[in-house]
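Novice: Please read through the structure below; I'll follow up with questions.
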Amino acid sequence: MSELKVPIRPAVRALPRYAPGKSAEGAVKLSSNEMPLPPSATVTEAMRRALEAVNRYPDLTAVALRGAIAVRHGVDPDQVCIGTGSSALLVAALGAVCEPGDRVVYPWRSFESYPIAIPASHGVGVPVPLDSEG
């Protein structure tokens, strides 16, 4: 693979690459939030319907989804944050609050995105080892 010519910040270039977890042979892998079974017929039908609008930009603020979640949980829609996954939401949250050099304490070994998301958001990670009780 050729070297990228875009001037990437050294701190980003030095980030560790994400390594997906491995599971033992015969075990069901749940560590990456992957379903061991195919989607249900209801989900497959919803995906098929969604494909009919794939030529349009989605609602970037997810108004309908945020509203439905807010009603379900009895909160204001402004208290609901939608993202493409927990790693993306973590980067967004850290980016909103971290100034360069801010220290971010996190439990380790735990969520594999912490050591990547924190420096990507200009923070300095401070891992705290988990004990036998977690």
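For the sequence shown, position 42 matches number 1371 in this note's numbering, and the numbering has no gaps at all. Backbone N, C-alpha and C define an ideal beta-carbon position, used for all residues, glycine too.
1. Can you tell me whether DSSP reads residue 1386 as helix, strand or coil?
2. Less than 8 Å separating the beta-carbons of residue 1449 and residue 1344?
3. Confirm, please, whether the CB-CB distance from residue 1455 to residue 1432 is below 8 Å.
4. Among 1407, 1372 and 1421, which one has its Cα closest to the Cα of residue 1413?
5. Exposed or buried, what is residue 1347 when buried is set at 16 or more other beta-carbons lying within 10 Å of its beta-carbon?
6. Following the continuous alpha helix (DSSP H) through residue 1444, name the residue where it begins and the one where it ends.
7. Below 8 Å on the Cβ atoms is my contact criterion, and I expect residue 1411 with residue 1397 to pass it. Report the Cβ-Cβ distance as a whole number of Å.
8. Distance, Cα to Cα, residue 1463 vs residue 1367?
9. Can you tell me whether DSSP reads residue 1455 as helix, strand or coil?
10. State yes or no: is the C-beta of residue 1434 within less than 8 Å of the C-beta of residue 1453?
11. For residue 1365, which three-state DSSP category applies?
12. Just to confirm, are residue 1311 and residue 1357 a CB contact at a threshold of 8 Å?
13. Measuring CB to CB, does residue 1447 end up less than 8 Å from residue 1423?
14. On the DSSP letters alone, give me the boundaries of the alpha helix (DSSP H) that residue 1339 sits inside.
Specialist: Working from what's here:
1. coil
2. yes
3. yes
4. 1421
5. exposed
6. 1443-1449
7. With a Cβ gap of about 11 Å, residue 1411 and residue 1397 do not count as contacting.
8. 32 Å
9. strand
10. no
11. coil
12. There is no way to answer for residue 1311, as the model of the chain reaches only from 1330 to 1463.
13. yes
14. 1339-1342
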